[in-house]
Amino acid sequence: MLLPLPAAQVRRISLKNHLALAVLRDGRGAIEQLATLLNVVFVAYFLRDCRSDDITPYTDAEAALNRCTRRAERGEPPTPDAGEAALLERVIAIHDAQLASVPTHRYLTAWEQLQRIPAGGVAWPLPTATDAQNHRAV
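My numbering puts the first residue of the sequence shown at 37, with every later residue one more than the last.
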């Protein structure tokens, strides 16, 4: 379990994540792509270096996805604007680096944490935008 993820699996996960954003940016996205990217944000958050206090990339990307979701709920395309896409690209890049180096057991643990969110009624893993602002101000 201390071994890294297999290279083929890393490539497959990375491709899925990058394609989800590309489809959204192209205006052809739907809830499936938003869900894929929300999973990326949460798993990357769970895998982050806990010594780092900067959770901004994750809270900003989640907020961008929430805006895209609200557009979809209004019947509009959930296409991210340039700023939102940049925030999502940042977290995807962070996650790509994590995938290249994380031991398999940490990746599996992060996915288990993700799976417990809706099923167990566990609190949302990321602080709200206001909480994140307060966290940075401390």
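The beta-carbon is built from N, C-alpha and C at its ideal position, and this holds for glycine as well.
DSSP state of residue i mapped onto helix, strand, coil
i           : result
residue 139 : strand
Nearest neighbour of residue i, chosen from the options [CA to CA]
i           : options               : result
residue 40  : 152, 150, 143 and 147 : 143
residue 124 : 76, 140, 86 and 90    : 76
residue 114 : 47, 38, 65 and 51     : 65
residue 47  : 122, 129, 152 and 38  : 129
residue 126 : 96, 89, 60 and 136    : 96
Residue range of the unbroken alpha helix (DSSP H) whose run includes residue i
i          : result
residue 93 : 92–109
residue 58 : 43–61
residue 80 : 67–83
Presumed contact (8 Å Cβ cut-off) between residue i and residue j, rounded CB distance
i           : j           : result
residue 79  : residue 150 : 6 Å
residue 69  : residue 56  : 4 Å
residue 146 : residue 83  : 5 Å
residue 107 : residue 120 : Not confirmed; about 10 Å, so no contact.
residue 38  : residue 141 : 7 Å
Residue i burial status per 10 Å Cβ neighbour count (16 or more: buried)
i          : result
residue 93 : buried
residue 90 : exposed
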